[in-house]
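Trainee: Protein sequences, first through last, are from chains D and Z. Counting in my numbering, the first sequence runs from 109 upward without gaps. Counting in my numbering, the second sequence runs from 778 upward without gaps. Every residue gets a Cβ at the ideal spot worked out from N, C-alpha and C, and that includes glycine.
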Amino acid sequence: MNANLLLLASEGINGKWLPADKLEVIWGTAAFLVVAVLLVKFARKPVVEGLAKRSANIAATLGAAEESRVAAESERDRIKAALADSDAEAARIVEGARSTADQLAIDVAARAQVEAASVRERAVADQATTQAQASADLSAELSRLALGAAERVVETSLDDAAQQRLIDSYISQVGSQN
Amino acid sequence: MSDPKTSAYAAAALEVARAEGNLDEVGDELFRLGRVVDASDELRTTLTDPHLPASRRQQIVEDLLDGKASATTIGVVSMIVGAGRATDLSAIAGEYLNRSARNAGQALAEVRSAVALTDEQMARLAEALTARVGQEITIKNVVDPSVVGGIVTQIGDSVIDGSVRTRLNQLRDAF
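1. From the beta carbon of residue 217(D), is the nearest beta carbon of chain C less than 9 Å away?
2. Are the C-beta of residue 898(Z) and some C-beta of chain D separated by less than 9 Å?
3. Buried or exposed: residue 245(D), going by 16 or more other Cβ atoms within 10 Å of its Cβ?
4. Listed in chain order, which residues of the stretch 226 to 257 of chain D have Cβ atoms closer than 9 Å to some Cβ of chain Z?
5. With distances taken Cα to Cα, identify the nearest neighbour of residue 850(Z) among 923(Z), 798(Z), 903(Z).
6. Return helix, strand or coil for residue 56(D), following the three-state DSSP convention.
7. From residue 908(Z) to residue 283(D), what distance separates their C-alpha atoms?
8. In chain D, what lies closer than 8 Å to residue 906(Z) by C-beta?
9. Would you call the CB atoms of residue 803(Z) and residue 853(Z) closer than 9 Å?
10. Answer yes or no: do residue 920(Z) and residue 943(Z) have a C-beta to C-beta separation smaller than 9 Å?
11. Looking only at its own chain, which residues have a Cβ that is under 6 Å from the Cβ of residue 939(Z), when we skip the five neighbours before and after it?
12. If I follow the unbroken beta strand (DSSP E) through residue 864(Z), where does it start and stop?
13. Look up residue 884(Z) in the DSSP assignment and say whether it is helix, strand or coil.
14. Which residues bound the beta strand (DSSP E) around residue 929(Z)?
15. Have a look at residue 225(D) and residue 208(D) and give me their C-alpha separation to the nearest angstrom.
16. Which whole-angstrom value is the C-beta distance of residue 886(Z) and residue 914(Z), which I expect to be below 8 Å?
17. Using a beta-carbon distance below 9 Å, is residue 909(Z) in contact with chain D?
18. Quick check: the Cα distance between residue 198(D) and residue 186(D), rounded to an integer number of angstroms?
19. Could you confirm whether any beta carbon from chain Z is found closer than 9 Å to the beta carbon of residue 223(D)?
20. Is the Cβ-Cβ distance between residue 902(Z) and residue 925(Z) less than 9 Å?
21. Measuring CB atoms only, is the stretch 809 to 829 of chain Z touching the stretch 860 to 870 of chain Z, in the sense that at least three cross pairs come out at less than 8 Å?
22. For residue 842(Z), I'd like the list of residues in its chain whose CB is within less than 6 Å of its CB, leaving aside the five on either flank, ordered along the chain.
23. At which residues does the alpha helix (DSSP H) containing residue 843(Z) begin and terminate?
24. From the DSSP output, in three-state form, read off residue 825(Z) for me.
25. Which of the three DSSP states is assigned to residue 938(Z) in this structure?
26. Counting Cβ pairs, one atom from each stretch, are 3 or more of them under 8 Å apart for the stretch 265 to 274 of chain D and the stretch 889 to 896 of chain Z?
27. For residue 270(D), would you say it is in contact with chain Z, using Cβ-to-Cβ distances shorter than 9 Å as the test?
28. For a contact defined as C-beta to C-beta under 8 Å, what are the partners of residue 274(D) on chain Z?
29. Take the Cβ of residue 783(Z) as the centre, count every other Cβ of all protein chains shown within 10 Å, and call the residue buried at 16 or more, exposed below.
30. Can you tell me whether residue 762(Z) is helix, strand or coil according to DSSP?
31. Check whether the Cβ atoms of residue 884(Z) and residue 811(Z) lie closer than 9 Å to each other.
32. Taking Cβ-Cβ distances shorter than 7 Å, what residues in chain Z pair up with residue 211(D)?
33. Quick check on residue 895(Z): does DSSP put it in helix, strand or coil?
34. Chain Z beta carbons: is any one of them nearer than 9 Å to that of residue 214(D)?
35. Between which two residues does the alpha helix (DSSP H) containing residue 290(D) stretch?
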């Protein structure tokens, strides 16, 4: 405190904190009051408004920041939930795929068994058919050979006398059918 | 049933033969020539060769039949070959004989046998067939070795088959 007073006093030309000239004090005081009044009259309102506006801006900024924080937290929660859901979905898909693969393996095995049985049946049937066909072909071939031989025997044995007998027999048969 | 062109050629040949007064002779010769053409691929191909001029084909026929057939038959066959219908010669001859027999109140019987029938056999067969169909029958005997033995008779659409070939075929079918 004393130091401050000494500082003030040091600024006076007379070494005291008040000037020696009383008019200077009066005019100085008057000028100060005039400036103070003018400041209060004209500058107080803008300053107050500016401060209020600044306070409002700060409040709005704080509100927006709070909203952003809340939104960010909400998004974080949503993402966490989605991640949890995706894990469950992935697990469900994997389980479904495994189940489908198991069922498919069972179906393929069953179908293969049915197909194999069908192939065996067809093979047996084809074998029987082939045997029957071969037997029939053999029989037909034997018949053809036997008939060919018989035809040759007949053709060579049909001499002129036999031909005439056949012709006469034919004529008699036609005549007898009238 | 013959086609209209075959009938037309047969009718024309019949009219020519009737005008010349040798119906039966032309019928026999046409019939035999038809059989020869049917049996010979080479002759049939030559007589129907489109690259040969009609006059050349007619000349071949005339050379072939010269001294072996009547002038009427040669003229008729030359006309048929010149018209490019040599392949129809057998059908035209058949239609000619059918028309000729119909005009005479008879029916034509085509008799195929492995050996030629004697006149006596033809007479007995004609008598038997006449009694069977109730119409006078004219027989045309065709020697056909594929018959093997016996006879196959065709009168119009009716066939009386007593051939060994048919018996053998029936035996083959039975197996």
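Mentor: This is what the structure gives:
1. Absent here is chain C; the protein component of the structure consists of chains D and Z.
2. Yes, residue 898(Z) lies at the interface with chain D (some Cβ there is under 9 Å from its Cβ).
3. Counting Cβ neighbours within 10 Å, residue 245(D) comes out exposed, since fewer than 16 surround it.
4. Correct list: 247, 248, 250, 251, 252, 254, 255.
5. Looking from the CA of residue 850(Z), the closest CA among 923(Z), 798(Z), 903(Z) belongs to 798(Z).
6. This structure leaves residue 56(D) out entirely; chain D is present only between 109 and 286.
7. The straight-line gap from Cα to Cα measures roughly 7 Å.
8. The contacting residues are 282.
9. Judged by beta-carbon spacing, residue 853(Z) lies within the 9 Å limit of residue 803(Z), meaning their Cβ atoms are closer than that value.
10. Between residue 920(Z) and residue 943(Z), the gap from beta carbon to beta carbon reaches 9 Å or more.
11. Once the five neighbours on either side are set aside, the close Cβ partners of residue 939(Z) are 927, 928.
12. Where residue 864(Z) is concerned, there is no enclosing beta strand (DSSP E), given that its DSSP letter is neither H nor E.
13. If DSSP states are grouped into helix, strand and coil, residue 884(Z) belongs with the strands.
14. Counting along the chain, the beta strand (DSSP E) containing residue 929(Z) begins and ends at 927 to 932.
15. Distance between residue 225(D) and residue 208(D), taken at the CA atoms: about 25 Å.
16. Right, their Cβ atoms sit about 5 Å apart.
17. Yes, contact with chain D.
18. Linking residue 198(D) to residue 186(D) through their CA atoms gives a straight-line distance of about 18 Å.
19. Closer than 9 Å: no.
20. No, these two residues do not count as a Cβ contact at 9 Å.
21. Touching, yes.
22. Cβ within range, chain order: 851.
23. No alpha helix (DSSP H) contains residue 843(Z), which DSSP labels as neither H nor E.
24. DSSP places residue 825(Z) in the coil class of the three-state scheme, outside both helix and strand.
25. DSSP places residue 938(Z) in strand when its eight states are reduced to three.
26. Using a Cβ-Cβ distance cut-off of 8 Å, the stretch 265 to 274 of chain D and the stretch 889 to 896 of chain Z are in contact, since at least three pairs of beta carbons, one from each stretch, lie closer than that value.
27. At least one beta carbon of chain Z lies nearer than 9 Å to the beta carbon of residue 270(D).
28. Within 8 Å Cβ-Cβ: 926, 927, 928, 939, 941.
29. When all chains shown are included, residue 783(Z) counts as buried.
30. The displayed coordinates of chain Z run from 778 to 952. Any statement about residue 762(Z) would go beyond what the structure contains.
31. No, Cβ-Cβ distance for residue 884(Z) and residue 811(Z) is not below 9 Å.
32. Under the 7 Å cutoff, chain Z gives no residues; its nearest Cβ is about 58 Å from residue 211(D).
33. In this structure, residue 895(Z) counts as coil in the three-state DSSP scheme.
34. Taking CB atoms only, residue 214(D) has no neighbour in chain Z less than 9 Å away.
35. Given a span of 109 to 286 for chain D in the structure shown, any question on residue 290(D) remains unanswerable.
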